[in-house]
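A.B. asks:
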Amino acid sequence: MPQPDTELSRKEAAAFLLNYHHLDHPKSLQGKESVLSYIRKVGCIQFDPLNVCGRNPDLVLQSRIRDYSQNWLNESLYEDRTLIDGWDKMMAISSAGDWPLLGRRRKEMYSSYLGRYKGVEEHLSYYLEEISKHGPLSSLYFKNDKKVNWAWGSSRVAKAALEGLFFEGKLSIHHREHSRRVYDLTERLLPESIRNMPDPFNSEDEYHKAHIIRRISSAGIVGFTSRDFWYGISGCSMKCIRQKIKLLQDEGLIRRVVIENSSREWYAPSRNMDDFFSSYDNHGYGDKAVILAALDNIMWNRELIEDIFDFKYRWEVYTPAIKREYGYYVLPILYKGRLIGRCEPYLERKTNRLLLKGFWLQEGIELDDDIIGALRLMFAEFCRFLGADKMVTIPALGRTYRTAFKGITSSAI
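In this text, residue positions in the sequence shown follow this note's numbering: the first is 308, and each later residue adds one.
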């Protein structure tokens, strides 16, 4: 049965969204088991290989889990095998139990890449046989320097072939050596009970609706502002997505959300909305400030963030330096339910220091004693997360910020 529209003030929308992502009380989740439980809740977290001050998945998790260790994600992926690398929305990390749900996505990626880039498919059996004989291998093991056209330009045939087999699902990532993938046969890494599960969808319609619900669950509140947000739902155009959302709305699984002063269409899971607002009167915020990941699930809808928090955020990694408004790897800062600013942290690995290259407070936010205290603790915890001894600021930051952030060390927590 269709649910009536839910009208929310910006304050209410922010409270729901932050609570959904465990960010109303940052770092309130505890233990390694929270890595799996959060990823199961949201379906996937996006992977990106850049490691300026931690990789995106670790940045997502450190803002939610107290005393988070990067080892926990690696162990969950490559020892416990409760998580898997693969295509979902872009390259992502998902629960291993979702392997059968993503079969059509793997098939789509394999067909797309191998159909578009010639000169790779004829080599697949050779590389598969080599890994079958020798165990886990990276592309460096293979000395063939022949180049082929591949997704991000010219690539060694070994790298392209191994990626093709990974996209198909015949290979999985055994472990990573920094950003380099080391592959093994999927049959040696995932149990047969997961690997051989049939496609759980009886029709394309069922598949589309299930993955639209999954994508909505990844973000909490969704809209139609970006085609990229819906990327990866195989065979479903934006017109198709709109049609399925109407059906899901008619079935009562999702509802339209009208947000104060927003002219855009938004949707959210009905059950989560009901659960949260049944106890909304008791809702409050923790007093920790945290750095958010650029590709955090909560940031996937940048227009939503702008509508709710009045915070315009663009990741400028791929923006030419001369056109950047802020900097190369600038991350949002959350404090007491507000996005109060942004910072540009950089891990100097040779000196084991966290370098603060930029810091910007939102207009109207005053750097009072409470905020300074919360930010100092935030940066100290961020140092500990990265294994840095201390944080230093650059002269260009200015006297006010350099004084406020002077003497921050990971041991001061």
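Glycine is no exception: its CB is placed at the ideal position from the N, C-alpha and C atoms.
Remember, predicted model here, so these are calculated numbers, not experimental data.
Rank K657, G527, I629, L555 by C-alpha distance to the C-alpha of N604 and give the top, closest one.
C.D. replies: G527
A.B. asks: Within 10 Å of its beta-carbon, does K440 have 16 or more other beta-carbons around it, so buried, or fewer, so exposed?
C.D. replies: exposed
A.B. asks: As a quick exercise: from T313, L325, E314, R317, pick the residue whose alpha carbon is nearest that of S525.
C.D. replies: The candidate whose alpha carbon is nearest that of S525 is L325.
A.B. asks: Does the distance from the CB of A321 to the CB of F531 come in under 8 angstroms?
C.D. replies: no
A.B. asks: Have a look at the DSSP bridge pairing and note the partners of H441.
C.D. replies: According to DSSP, which records beta bridges pairwise, H441 is partnered with nothing at all.
A.B. asks: Report the rounded CA-to-CA distance for R563 versus M398, giving the unit in angstroms.
C.D. replies: 29 angstroms
A.B. asks: Please state whether the Cβ-Cβ distance between E437 and L444 is less than 8 angstroms.
C.D. replies: Result yes, Cβ atoms of E437 and L444 sit closer than 8 angstroms.
A.B. asks: For the alpha helix (DSSP H) that K414 lies in, which residues bound it at each end?
C.D. replies: 410-423
A.B. asks: How about V624 and L662: do their beta carbons lie closer than 8 angstroms?
C.D. replies: no
A.B. asks: Flag this pair as yes or no: are the beta carbons of L497 and S402 separated by less than 8 angstroms?
C.D. replies: no
A.B. asks: Using CA coordinates, which residue listed in R371, D557, L472 is at the minimum distance from S418?
C.D. replies: L472
A.B. asks: Per the DSSP calculation, C650 is bridged to which residue(s)?
C.D. replies: L638, F666
A.B. asks: Is it true that the CB of Y490 sits closer than 8 angstroms to the CB of V529?
C.D. replies: no
A.B. asks: How many Å lie between L682 and D512 at the Cα?
C.D. replies: 48 angstroms
A.B. asks: Taking the alpha carbon of G648 as the reference point, which residue from I679, W394, S533, I372 has its own alpha carbon closest?
C.D. replies: I679
A.B. asks: Name, in chain order, the residues that DSSP records as bridge partners for E314.
C.D. replies: V565
A.B. asks: Quickly, what does DSSP pair Y490 with across the bridge? List them, please.
C.D. replies: L444, I480
A.B. asks: Under DSSP, the beta strand (DSSP E) around C351 begins and ends at which residues?
C.D. replies: Here the beta strand (DSSP E) through C351 covers 351-353.
A.B. asks: Could you have a look at Y385 and say whether DSSP puts it in helix, strand or coil?
C.D. replies: Secondary structure at Y385: helix, using DSSP grouped into helix, strand and coil.
A.B. asks: Hey, would you say the C-beta of C547 is under 7 angstroms away from at least one heavy atom of the ligand HEM?
C.D. replies: Absence of the ligand HEM is noted for the structure shown, with no ligands found whatsoever.
A.B. asks: With distances taken from CA atoms, which of W459, K466, I720, K553 is nearest K450?
C.D. replies: K466
A.B. asks: Report back the beta-carbon spacing between R388 and K334 to the nearest angstrom; my notes put them in contact at under 8 angstroms.
C.D. replies: 26 angstroms between Cβ atoms; not a contact.
A.B. asks: Could you check the C-alpha separation between K619 and N503 for me, to the nearest Å?
C.D. replies: 45 angstroms
A.B. asks: Check S510 in the structure and name its three-state DSSP category.
C.D. replies: Residue state, collapsed to three classes: coil.
A.B. asks: Helix, strand or coil for V624 per DSSP?
C.D. replies: coil
A.B. asks: Which partner residues does K697 have in the DSSP bridge list?
C.D. replies: R660, T716
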